[in-house]
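**Student:** Here it is: the structure, laid out below.
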Amino acid sequence: SLRDSVQGGDILLYPTWYDAAENHITRLLYQEAAIQSAGPVPELTPENLAEMSQSPDERTRYFVAEACGTAGGQAAAAILESLMQDSSPVVAKHALESLANGQVPISPPVVDALLARLNGGKDALQNALRPFVADALGAGGEIAVPGLTAMLNSEQKAVWPYALRALGKTGTKAP
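For the working numbering, count along the sequence shown from 1 and bump the result up by 1253.
Below, the structure written as structure tokens:
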């Protein structure tokens, strides 16, 4: 909804006096709004998604992530797995959102990669993507639960809120 607000001309306010996570999300939202304003890439077809996911053009990779999220299936899952590690944070964010929509099967290796990203690191921009990582983990369902429950006891205090968010989205009744 914030991205749509930016596209509609709204101006987002954020704390500029320190390096808050909101600053990174705000920048991503403006970049994403610009990509969406340019419109979809007409050359994309279900048959060339894998090839187009390697494009040097950020906009193309962004719309490949979107197409994979709606196409579903194993081939789309493999492409999204690659795009969630994309050098462009906007593309990575959109790939994570596409994984979170539940149309793509999430395998145990993808869950492991997502759990590693949820732990965070020194890169503030990657840490700003953690809510989207949590949502993608939630779409993993039952296979994500053991790793997420282990994170509740993590030494990193900043991790457990995202683990709780993901657990709530799994829809499982596992203890």
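Even for Gly, the Cβ is constructed at its ideal location relative to N, Cα and C. Fair warning: this is a prediction, and the values are worked out from it, not measured in the lab.
(1) Can you give me the C-alpha to C-alpha distance between Gln1338 and Ala1345, rounded to a whole angstrom?
(2) In whole angstroms, what is the alpha-carbon distance linking Asp1310 and Ala1291?
(3) Go to Pro1309, then tell me how far its alpha helix (DSSP H) extends in each direction, as first and last residue.
(4) Are the stretch 1358-1367 and the stretch 1389-1406 in contact at 8 Å, needing three or more beta carbon pairs?
(5) If you draw a straight line from the C-alpha of Val1386 to the C-alpha of Leu1405, how long is it?
(6) When you compare the CB positions of Leu1297 and Ala1320, do they come within less than 8 Å of one another, or not?
(7) List in chain order: all unbroken beta strand (DSSP E) runs of 3+ residues lying wholly within the stretch 1337-1422.
(8) May I ask you to report which of helix, strand or coil DSSP gives Glu1275?
(9) Which two residues bound the contiguous alpha helix (DSSP H) that contains Leu1255?
(10) Give the single residue among Gln1260, Ala1416 and Ile1332 whose Cα lies nearest to the Cα of Thr1279.
(11) What is the DSSP secondary structure of Glu1296, counted as helix, strand or coil?
(12) Taking the C-alpha atoms as reference points, what is the distance between Ser1407 and Gly1373?
(13) By Cβ distance, which residues of its chain are closer than 7 Å to Val1343, with the 5 residues on each side in sequence left out?
(14) Within a Cβ cutoff of 7 Å, which residues of the same chain sit near Ser1335, ignoring the five residues on either side of it in sequence?
(15) Whole angstroms are fine: how far does the CA of Ala1318 sit from the CA of Pro1295?
(16) When the Cα atoms are used, what is the spatial distance from Ile1359 to Ala1324?
**Tutor:** This is what the structure holds:
(1) By one-based count along the sequence shown, residue 1338 stands at place 85. By one-based count along the sequence shown, residue 1345 stands at place 92. Within the model, the alpha-carbon separation for Gln1338 versus Ala1345 is close to 6 Å.
(2) In the sequence shown, residue 1310 corresponds to position 57, counting from 1. In the sequence shown, residue 1291 corresponds to position 38, counting from 1. The straight-line gap from Cα to Cα measures roughly 13 Å.
(3) As a position in the sequence shown, residue 1309 is number 56, starting the count at 1. Careful: Pro1309 lies outside any alpha helix (DSSP H) and carries neither H nor E.
(4) These segments touch.
(5) Stepping through the sequence shown from its first residue, residue 1386 is reached at position 133. Stepping through the sequence shown from its first residue, residue 1405 is reached at position 152. When only Cα atoms are considered, Val1386 and Leu1405 end up about 16 Å apart.
(6) Counting from one through the sequence shown, the residue named residue 1297 turns up at place 44. Counting from one through the sequence shown, the residue named residue 1320 turns up at place 67. In this structure, Leu1297 sits near Ala1320, with a CB-CB distance shorter than 8 Å.
(7) List check, beta strand (DSSP E) in window: nothing returned.
(8) For the purposes of this step, residue 1275 is taken as residue 22 along the sequence shown, with counting starting at 1. Residue state, collapsed to three classes: helix.
(9) Looking up residue 1255 in the sequence shown gives position 2. Per DSSP, the unbroken alpha helix (DSSP H) holding Leu1255 starts and ends at Leu1255 to Gln1260.
(10) For the purposes of this step, residue 1279 is identified with residue 26 of the sequence shown, where counting begins at 1. When only C-alpha atoms are compared, the closest one is Gln1260.
(11) Taking the first residue of the sequence shown as 1, we reach residue 1296 at position 43. Note: Glu1296 maps to coil in three-state DSSP.
(12) For the purposes of this step, residue 1407 is identified with residue 154 of the sequence shown, where counting begins at 1. For the purposes of this step, residue 1373 is identified with residue 120 of the sequence shown, where counting begins at 1. For Ser1407 and Gly1373, the distance between alpha carbons rounds to 12 Å.
(13) By 1-based counting over the sequence shown, the position of residue 1343 is 90. Taken in chain order, the residues that qualify are Leu1281, Gln1284, Glu1285, Ile1288, Glu1311 and Tyr1315.
(14) Mapped onto the sequence shown, residue 1335 falls at position 82. Correct list, in chain order: Ser1306.
(15) Position 42 of the sequence shown, counted from the start, is the residue given in the question as residue 1295. Position 65 of the sequence shown, counted from the start, is the residue given in the question as residue 1318. Within the model, the alpha-carbon separation for Pro1295 versus Ala1318 is close to 14 Å.
(16) Counting from 1 along the sequence shown, the entry for residue 1359 is found at position 106. Counting from 1 along the sequence shown, the entry for residue 1324 is found at position 71. Approximately 14 Å between the Cα atoms of the pair.
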